[in-house]
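Chemist: Per numbering that gives the first Met the number 0, the sequence shown starts with residue 0, numbered consecutively. Where is the CB? At the ideal position from N, CA and C, for every residue including glycine. The structure is given below, and queries will be raised subsequently.
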Amino acid sequence: MIIAQLSDFHVRPHGQPAYGIVDTNAATRRAVDAVLALEPRPDCVLVTGDLCDCGLPEEYEIVRAELARLPMPVYAVPGNHDRREVFAAMLGEGSSYLPKSGFLHYTIEDYPVRLIGLDTVIPGEDGGEICGEREAWLAERLGEGRGRPTLIFMHHPPFAVGVDGMDIMPCRVSPDFVALIARHPEIERVLCGHYHRPIQLRFAGTIGFVAPGTAHQVALDLRPGTQNWFVMEPPAIAIHVWKPETGLVSHLQPIGDFGPRRPFVLDPAYPGKQQAVAAHV
């Protein structure tokens, strides 16, 4: 099973770049193009929040048109830049996976890996939350899985990443939530967005994974007490590949034109040449 993860489109009204600089709409188009160029194509696409910048209907129209270009199923969860009701109305039209009201949680059972989408949004706040009601919903869904391989995906990371500018707007969770994740070793990853950087860490017995944004990134700054700044580092999509013999393996694919593929031409003096020729590396 191949899963593409896109995150943080921040689509804007036509002609209004983000922060007056970033053409996030063109970046979203390039991200969709990058998915279409994958061979083999993914079985599905996950979008981990902030599809729009202000949650406006006109922004969701653009998002909907871009995602409609993808021939495979697309499953999205909202982020703090989305508006839950508009998100559900605009993206739920013609699809059956999104709830019609309440938290936009859902489970997809159509693949070898179960997909559980969580709505972490707190209206009016940068950060997110897994409250008691959301935690109870997740506990029920995990109990129904009977140990099947599972991916949880949400916008806000439920873990600290050691970067002060990011950790001031986390997903608030209780120790019970962490214990719940730890009780289910079938959880292959907790996939997130929000931080606009590729980040991985051990979390509650599984792996927490933050995908980079498809447009601008947050500059890496490990100094204490610093704020976030954005930077135009290369965007990327995440590719998660599941096989029974390996479990889930995650890759990052930069978005852009980096020229053609080229063969490795080995120097005659290379000491591992005989074995490398056989392996083509």
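Go through its chain and collect everything with a Cβ distance to A178's Cβ below 7 Å, but skip five positions before and after it.
Modeler: none
Chemist: Please list the terminal residues of the continuous beta strand (DSSP E) segment that includes P253.
Modeler: G246 to P253
Chemist: Using the Cβ count rule (16 or more neighbours within 10 Å means buried), how would you classify G146?
Modeler: exposed
Chemist: Within a Cβ cutoff of 7 Å, which residues of the same chain sit near T245, ignoring the five residues on either side of it in sequence?
Modeler: Closer than 7 Å at the Cβ level, and outside the excluded window around T245, lies no residue.
Chemist: Take the Cβ of I236 as the centre, count every other Cβ of all protein chains shown within 10 Å, and call the residue buried at 16 or more, exposed below.
Modeler: buried
Chemist: Is the distance from the Cβ of I121 to the Cβ of F176 below 7 Å?
Modeler: no
Chemist: By how many angstroms is the C-alpha of T225 removed from the C-alpha of H239?
Modeler: 32 Å
Chemist: What's the C-alpha gap between S6 and E57?
Modeler: 19 Å
Chemist: For F158, count neighbouring C-beta atoms within 10 Å of its own C-beta (all shown protein chains included) and say buried if the count is 16 or more, exposed if not.
Modeler: buried
Chemist: In this structure, how does DSSP classify V292 when only helix, strand and coil are distinguished?
Modeler: Only positions 0 to 280 of the chain appear in the structure, and residue 292 is not among them; the question remains open.
Chemist: With which residues is R113 paired in a DSSP beta bridge?
Modeler: T149
Chemist: Going by DSSP in three states, G285 sits in which element: helix, strand or coil?
Modeler: As shown, the chain starts at 0 and ends at 280. That puts residue 285 outside it, with no answer to give.
Chemist: Specify the secondary structure class of Y59 as computed by DSSP and reduced to three states.
Modeler: DSSP places Y59 in helix when its eight states are reduced to three.
Chemist: Using a threshold of 7 Å, state whether the C-beta atoms of M282 and D118 are closer than that.
Modeler: Absent from the model: residue 282. The displayed extent of the chain is 0 to 280, so no value can be given.
Chemist: Buried or exposed for Q15, please, with buried defined as at least 16 other CB atoms from any protein chain shown within 10 angstroms of its CB.
Modeler: exposed
Chemist: Taking three-plus beta-carbon pairs below 8 Å as touching, is the segment 180-188 in contact with the segment 244-259?
Modeler: yes
Chemist: Under three-state DSSP, which class holds T106?
Modeler: strand
Chemist: What is the DSSP secondary structure of W136, counted as helix, strand or coil?
Modeler: helix
Chemist: Indicate the three-state DSSP secondary structure (helix, strand or coil) for A178 in the structure shown.
Modeler: helix
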